[in-house]
Structure formats: C-alpha cells, structure tokens
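>
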Amino acid sequence: MATLLEDANLQAIREKVQNGERLSVDDGLTLYNSADLLTVAQMANEVNNRKNGDSVYFIENMYINPTNVCEANCAFCGFKRKPGEEGAYTMDEEELLKYVSARWNDNIREFHIVGGHNTDVPFDYYLNTIRTLKKHYPNASIKAYTAAEIEFFARHAGLSMREVLEELINAGLDTLPGGGAEILTERYREKMSPEKASTDEWLEAHETAHHLGLKTHATMLYGSIDTFEERLIHMDRVRQLQDRTGGFMVFIPLAMQPRKKKAGLERRTSSFDDMRTIAISRLMLDNFAHIKAYWINIGPQLTQMALTFGSSDIHGTLVEERISHSVGALTSQGITRKELIHLIKGANKTPVERDTFYNVVKTY
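Quick note on numbering: the sequence shown equals residues 1 to 364 in full-length UniProt numbering.
Quick look at the structure:
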C-alpha cells in the first residue's frame, strides 16, 4: 500500500520535537507554511502526551462581566458601550449578587471576571466586586481582570501596577485571566487596540503578578490582521516570560470572531487554521503545561478534534459567556458538565475535572 509522504521541510523539526529541543520562530513559520497538517498534529499530540498523557481538563466556572462601559475603542469588540449609550450597564453590589444567585450551582469552582475600562467608577468598585464575591462565595476562586485592565486601573487610580495587584490580592484575587493580549506586537496593537496596554505593559502586569505569587493565564487572539510571524513572536514573548517566572498555567489561542453572527465564512477563521494554530502553540510553548481549546470560539466539534492536536484543556461550563457572543460567536453561551465529559470521552481521552490551579477534583 502506498504511503503518504510528509512535507520534507518538517523532518528537521520532527527531529527537534523528538529530542525535546526548543523550536525557533523560523521553525514555527515552516509549520504554518506546511500543508501537511496531520504531521504537525501528530508532533503536537506527541508533545502533549508526554506532558499530560490522555488527561483532558475542564472546570465548572461562571463568567461575570460587571460593566460593559469602556474607554477603549478596540476594532474587534462588540461588547463595549460608551457612558449613557443604549445597552450600557454597570452592576452595583445588589445586581451582581442577583446575577450570580440566579446562575449559581454548588459545583462552580471559579468566577471568571472581565469587563470594560470604566472611568465612571473608582478603582474601589473593582476591588469591591472581588470582596463581595469572596464574602458570599468563599470557596470559588476569583479569576479577575486582564492585564489590560490592570494597566487601566493603575493609570486611572494613579498607582503602579504592583500596587494595583497588591490591593486586588488583598481583596481576594486568586489569578489573572489571559485576555487583553490580543497579539503582542506594536504594529497590531496600534491598529486594533491603540488605547489599551502595550505589549510591554501586558507582559509587565503578568510578570509582576507572578512575582507576587499568582499563577496566571495567557491568550492570543488570532485571525484578523495578524501575520503568522506576529503570532509566533507573540508565542515567543510569553515563552520568554515563562522562562523567567514559570507563572503561566495555560496558553489559550482564541479565534477572532466577526462583528456579526450572519458574517460569511470568509470573515471567520478556517478549521484548518484553528487546528494548526493549536498544534503550533503546543509545539512552540515547550514550557507551558497546557494548551486550551476554547470551545466558545471554535465550537464543540472542533474542540473535540483539538484533543489530538495538542490541547489538554477544553475550558469550562461558563454558564453565560457575553464577550464573544456580543460579536459573531455561533456557539451556545454555556455548556454542561455532562456535555464536556461526552466530548472528551468521544476523543478517547480521560475527562479530569479541575480547580483553577489544575488540582484534580474528579477523574471520570
């Protein structure tokens, strides 16, 4: 029987992967430019198996977006509103507790909190959000405020980012989410998110958090004006920070969503690119334990496929995701534990329910 010949350009990379050697940005470009997706996937799956075996992690969590009022004007965002604009909101303490109570179940282990850069409320508003949730739900971890929000708080309150983080930790913060990274090159940020934290400020916020004892998350929002080289520069920059601190738990490639749900296929990332980016993330980020497949943006079926492309985490139940759904996400806003387990077992993997810090809660 004839066998398929893999891309000859991948042979040197395969040898590096088998020997546990670090891949360069040029190696990453070779992977991106290869049409041999299955060989790239095979290598990523091999690396993931070394790190995680057949375990795939998920968490019962709840998204909370306390305010959508924002000073920034990011080209990709449909969530933000200006003060006084129709649909603008800022939850007070009573509204926050009512929102959570209506969606709470006792299996939830984490609140995932991001929102707008709202100049109409003081920094204490954001601190009080954490204090309130910790008081009423002491057993749930607080994953709150992106590095871009940390930079905003510092600028808005006249504090250093370290001082902001220290106050948040004292209020009950457990970890930072990975958002606000988008693509960590200034060309991209000047065009897509000019009012938000710079590349260096995003990295500084996480490095400071790591030095203060927090384990955090890193994301990459791909699929708009970014080049393959910029994606790889982004990966290399978080990889270098991980070398210094070891503070990142997981890397999450996020597929850009179009501004409208009715957008055609040409406005969406391709399945090929989604799977390739997850696999390349696994191969490039040798010092990260986990690569997450974010089912909200790529859908449950591709998320299941991603489990053989290097991913070891499929995120969580969410309950009600708003940010991707404020633009063109076509998925549901939440998913059940039963459905997550079904996806993982369907890929012949072992479902592992975790807490925020990848401690095992239960193996199914």
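All C-beta atoms, glycine included, are put in the ideal place defined by N, C-alpha and C.
#1: Whose C-beta lies closer than 7 Å to the C-beta of Leu-29 among residues of the same chain, with five residues either side of it excluded?
#2: Which residue from Gly-20, Ile-335 and Lys-51 puts its Cα closest to that of Met-249?
#3: Do you know offhand how far Phe-123's Cα is from Ile-64's?
#4: Leaving out the 5 sequence neighbours to the left and right, which residues in its chain are closer than 7 Å to Ile-108 when beta-carbon positions are compared?
#5: Is DSSP giving Thr-317 helix, strand or coil here?
#6: Do you know how far the Cα of Pro-83 is from the Cα of Asp-120?
#7: Between the C-alpha atoms of Asp-243 and Ile-225, what's the straight-line distance to the nearest angstrom?
#8: Measuring alpha carbon to alpha carbon, tell me which of Ile-335, Asn-297, Leu-285 and Glu-95 ends up nearest Asp-273.
#9: Between the C-alpha atoms of Ile-344 and Leu-165, what's the straight-line distance to the nearest angstrom?
#10: Counting C-beta neighbours from all protein chains within 10 Å, is the total for Asp-313 16 or more, i.e. buried, or is it exposed?
#11: Can you give me the start and stop residues for the beta strand (DSSP E) that Ser-270 sits inside?
#12: Between the alpha carbons of Ala-306 and Asn-170, how many angstroms are there, rounded?
#13: Which residues does DSSP list as the beta-bridge partners of Ser-110?
#14: Please work out which residues of its chain come closer than 7 Å, Cβ to Cβ, to Asn-68, disregarding the five sequence neighbours upstream and downstream, and give them in chain order.
#15: For Leu-241, which option in Glu-207, Tyr-222 and Met-220 has the closest C-alpha, if you only look at C-alpha atoms?
#16: In whole angstroms, give me the CA-to-CA distance for Ile-252 and Thr-175.
#17: Distance, Cα to Cα, Gly-180 vs Ala-147?
#18: Pick helix, strand or coil for Ala-218, following the three-state DSSP scheme.
#19: CB Asn-48 to CB Arg-276, shorter than 9 Å?
#20: Rank Ile-130, Glu-71 and Gly-172 by C-alpha distance to the C-alpha of Glu-151 and give the top, closest one.
#21: Got a sec? Which residues, its chain only, sit under 6 Å from Lys-196 by beta carbon, not counting five neighbours each side?
#22: Can you tell me the Cα-Cα spacing of Val-360 and Ile-341, whole angstroms?
#23: Run the CB neighbour count on Ala-144, radius 10 Å, all protein chains shown included, and call it buried at 16 or more, exposed below.
#24: Does Arg-22 come out as helix, strand or coil in the three-state DSSP assignment?
#25: So is Glu-201 buried or exposed if we call it buried at 16+ other beta carbons inside 10 Å?
#26: If I measure Cβ to Cβ from Thr-303 and keep anything under 7 Å in the same chain, skipping five residues before and after, which residues do I get?
#27: Please list, in chain order, all residues of the same chain as Ala-44 whose beta carbon is under 7 Å from its beta carbon, the five residues on each side excluded.
#28: Since Leu-97 contacts Thr-129 with CB under 8 Å, what's their CB separation in whole angstroms?
#29: Tell me Ile-291's beta-bridge partners as DSSP assigns them.
#30: Got a sec? Which residues, its chain only, sit under 6 Å from Tyr-32 by beta carbon, not counting five neighbours each side?
#31: Please report the distance separating the alpha-carbon of Ala-102 from that of Glu-95.
#32: Where does the unbroken alpha helix (DSSP H) through Arg-231 begin, and where does it stop?
#33: Can you tell me the Cα-Cα spacing of Gly-20 and Gln-11, whole angstroms?
#34: From Arg-237, Tyr-188 and Ala-289, pick the residue whose C-alpha is nearest to that of Glu-204; which is it?
#35: Report yes if the CB atom of Leu-221 is closer than 9 Å to the CB atom of Leu-254, and no otherwise.
According to the structure data:
#1: Once the five neighbours on either side are set aside, the close Cβ partners of Leu-29 are Phe-228, Glu-229 and Leu-232.
#2: Measuring from the Cα of Met-249, the nearest candidate turns out to be Lys-51.
#3: Each residue's Cα considered, the two are about 17 Å apart.
#4: Residues of the same chain with a CB within less than 7 Å of the CB of Ile-108, apart from the 5 flanking positions on each side, are Glu-60, Asn-61, Met-62 and Ala-140 in chain order.
#5: If DSSP states are grouped into helix, strand and coil, Thr-317 belongs with coil.
#6: Each residue's CA atom was taken as its position, placing Asp-120 and Pro-83 some 8 Å apart.
#7: Approximately 28 Å between the Cα atoms of the pair.
#8: Closest option to Asp-273, Cα to Cα, is Asn-297.
#9: Each residue's alpha carbon lies about 36 Å from the other.
#10: Classification for Asp-313: buried.
#11: Careful: Ser-270 lies outside any beta strand (DSSP E) and carries neither H nor E.
#12: When the Cα atoms are used, Ala-306 and Asn-170 turn out to be separated by approximately 38 Å.
#13: Before going on, a small fix: residue 110 reads as Glu here, not Ser. Partner residues in the beta bridge of Glu-110, as assigned by DSSP, are Asn-61 and Ser-141.
#14: Apart from sequence neighbours up to five positions away, the residues of its chain that approach Asn-68 with a beta-carbon distance below 7 Å are Phe-79, Lys-80, Arg-81, Ala-88, Tyr-89, Gly-115 and Gly-116, ordered along the chain.
#15: Closest by alpha carbon: Glu-207.
#16: About 15 Å.
#17: If you take the alpha carbons of Gly-180 and Ala-147, they lie about 6 Å apart.
#18: When DSSP states are grouped into helix, strand and coil, Ala-218 belongs to the strand group.
#19: No; because the gap between Cβ atoms is not below 9 Å, this pair is not in contact.
#20: The residue among Ile-130, Glu-71 and Gly-172 with its C-alpha nearest the C-alpha of Glu-151 is Glu-71.
#21: Here Lys-196 has Ala-72 and Ala-148 as same chain residues with Cβ atoms under 6 Å from its own Cβ, once five neighbours each way along the sequence are excluded.
#22: Distance between the alpha carbons of Val-360 and Ile-341: 15 Å.
#23: Within a 10 Å sphere around the beta-carbon of Ala-144 sit 16 or more other beta-carbons, which makes this residue buried.
#24: Collapsing the DSSP output to three states places Arg-22 in coil.
#25: With 16 or more other Cβ atoms from the protein chains shown falling within 10 Å of its own Cβ, Glu-201 counts as buried.
#26: The beta carbon of Thr-303 is closer than 7 Å to those of Ala-293, Trp-295, Ile-314 and Leu-343 in its chain, skipping five residues each way along the sequence.
#27: Closer than 7 Å at the Cβ level, and outside the excluded window around Ala-44, lie Ala-279, Arg-282, Leu-283, Phe-309 and Gly-310.
#28: 11 Å between Cβ atoms; not a contact.
#29: In the DSSP output, where bridge partners are listed per residue, Ile-291 has Phe-251.
#30: Within its own chain, the residues whose Cβ lies closer than 6 Å to the Cβ of Tyr-32, once the five positions on either side in sequence are excluded, are Phe-228, listed in chain order.
#31: Roughly 11 Å between the two C-alpha positions.
#32: Unbroken alpha helix (DSSP H) run through Arg-231: 228 to 245.
#33: Roughly 14 Å between the two C-alpha positions.
#34: Residue Arg-237 is the option with its Cα nearest to Glu-204.
#35: Contact check for Leu-221 against Leu-254 passes: the beta carbons are separated by less than 9 Å.
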